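To start, the structure itself, in structure tokens.
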Amino acid sequence: MDVDMLLGAYVLGLVPGLLVASALSDRHGRRRVMLFGVASSAAGSVILAVGDLWGFPALFVGRLLSGLAVGIAMAVGSAWITELSKPPFDDASPGTGARRASIWLTVGFGLGPLFAGLLAAFAPQPLVLTYVLHATLCLPALWALQPRAVETHGAAVARTMVDRLRVPAAGHRRFVRVVVPMAPWIFGSAGIAYAIVPALVADQLGSWALLYTAGLTVLTLLCGVLVQPIARRLDDRSSARAVVISMVLMTMGVFAAVATAITRSPVAALLVAMLLGCAYGIAIVSGLLEIQRIADPDELAGISGVYYSLAYVGFLVPAVLAGLAHFFSYPAMLTALGLLATVCAICCAFGWSKHLQPTTSEPPANDLMSR
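In our numbering, the protein residues as written are 259 to 629.
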């Protein structure tokens, strides 16, 4: 029960971080909201480090602040990096912002489990030292976000908070028919690779299970980083090619996980991690590029928040399968998941070249639903 409540605290912080912080950054600028996000991350880690002394309420607050920080970093940070990768701040090629945002997000997701696993295995007081180290690493980021940091979002037109929370681009048919079926699989693939698969082979690893899990996490996300330059080249303004390829790899990875569940082979688990890592890397980049083409500049942070909210649904997959494990075997559940991934891939393929953003220089229509 306590574990479920702490997961709920993380999500409770994550949702406003993804959605409300996006609207606030449109009004007050990216830098100020990101500064608050990094401060929340540091405070959350400090509270978690001393959580055993203060009890469960402290752990709940620490997880809440950590979720809030992650949401702000993903939604506001991605929009900020994208804006910094365009003129007048940078003359980088189109799509560079999406690749930079996804690479650094993935690097963070990979290095965190790696060092946490090493500290848990070899360091004294790992439940304290891990959080203290993270809080310490936040200090240089706080220094970098002082007024010297470049602000990309100027003074906004006065609008109510309710108006700012509306994201018309989320109703765009391209978003609904191509991005939405793919988005939950972004972190769903990660959840399968480093939460479900290691548990399937844990009885073969003995005392190495923890380090193996950390290594599998790193392998998954390393593949996700290395494939992203390829993902950028796969992207095509006239089709959903990159999205569909990511979903095909996703389906292959899930069915490879079925084989792993049957054989309990640690070697097969490595193949699953690589397949799902590549699928993750292509999916996250292609999705960011799709939403950047859909959204107007003032909606970029908002649509990024919606996009990552959908992606985070995928992290619920391990918990759902764990709950259903009382009634079904993992090979059966993963097979059903593979069939669902196939259906989603087909849905994305049906939207291959539909509802695309006009490639002319004419201004877009005001009604997003008509595109």
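Backbone N, C-alpha and C define an ideal beta-carbon position, used for all residues, glycine too. This one's a predicted model, so the numbers in the text were calculated from it and none came from an experiment.
Distance, residue j Cα to residue i Cα
i	j	result
A316	V571	26 Å
T388	L469	16 Å
M627	L598	Bear in mind that the predicted position of M627 carries a pLDDT of just 37, short of 50, making it unreliable; the figure below should be weighed with that in mind. Near 27 Å, if we compare the C-alpha coordinates of L598 and M627.
S619	I552	Reliability fails at S619, whose pLDDT of 40 lies under 50, so the model's placement of it is uncertain and the value that follows must be treated cautiously. For S619 and I552, the distance between alpha carbons rounds to 15 Å.
L477	M510	17 Å
V365	Q486	12 Å
A448	L579	14 Å
V269	A526	32 Å
L342	G535	27 Å
F347	W338	11 Å
P621	I361	No answer about P621 holds up, because its pLDDT of 42 lies below 50 and its placement is not dependable.
D625	V425	Any answer about D625 is weak, because its pLDDT of 41 lies below 50 and its placement is not dependable; what the coordinates show is given next. So the two alpha carbons sit approximately 12 Å from each other.
S611	F380	52 Å
H392	P371	12 Å
V291	D284	10 Å
A427	L592	33 Å
D494	E548	10 Å
P384	L480	24 Å
V577	G446	What sits at residue 577 in the sequence shown is Ala, not Val. Approximately 11 Å between the Cα atoms of the pair.
I454	L323	26 Å
R629	M532	The pLDDT assigned to R629 is 41, lower than 50, so where the model puts this residue is not dependable, and the model offers no usable value.
H286	S280	10 Å
D349	T340	12 Å
A297	F367	19 Å
L492	V434	21 Å
L528	G482	14 Å
M398	F586	Correcting the residue identity first, residue 398 is Pro in this sequence and not Met. Whole-angstrom Cα-Cα distance: 48 Å.
A467	A498	39 Å
A623	L558	Residue placement at A623 cannot be trusted, given a pLDDT of 39 that sits under 50; the coordinates are not used to answer.
F373	T475	11 Å
F573	Q550	24 Å
L369	T518	25 Å
G596	P405	48 Å
I503	I488	11 Å
I305	P382	19 Å
G584	V575	A quick correction: the sequence has His, not Gly, at residue 584. Each residue's alpha carbon lies about 15 Å from the other.
L582	D310	31 Å
F318	W312	11 Å
S351	G295	29 Å
S336	G329	10 Å
I540	A590	27 Å
P555	W401	28 Å
G429	R357	24 Å
Beta-carbon gap between residue i and residue j smaller than 8 Å
i	j	result
P652	C606	Residue 652 cannot be examined here, being either before or after the span of the chain that is shown, 259 to 629.
S496	L377	no
A543	A603	Position check: residue 543 holds Val in this sequence, whereas Ala was assumed. Taking 8 Å as the Cβ cut-off, V543 and A603 do not qualify as a contacting pair.
A327	G302	yes
I444	Y538	yes
G609	R432	yes
V501	V408	no
L403	L293	yes
G325	L363	no
H411	R490	no
V630	A451	Limits of the chain in this structure are 259 at one end and 629 at the other, which puts residue 630 out of reach.
L546	A359	yes
K344	G355	yes
G375	A457	no
V386	A267	no
A331	C396	no
Do three or more CB pairs link the stretch 275-284 to the stretch 564-578 at distances below 8 Å?
yes
Does the pairing of the stretch 503-521 with the stretch 555-562 give three or more beta-carbon distances under 8 Å?
no
So does the stretch 455-462 actually touch the stretch 517-529, counting three or more Cβ pairs closer than 8 Å?
yes
Ranges of the alpha helix (DSSP H) found wholly within the stretch 486-543, counting only runs of at least 4:
486-492, 499-521
Where in the stretch 415-470 do unbroken runs of the alpha helix (DSSP H), each at least 4 residues long, occur, reported from the N-terminal end onward?
DSSP runs (the alpha helix (DSSP H)) wholly in the stretch 415-470: 419-423, 442-449, 455-459.
Please go through the stretch 308-354 and give each complete alpha helix (DSSP H) segment of 4 or more residues, from N-terminal end onward.
309-312, 314-342
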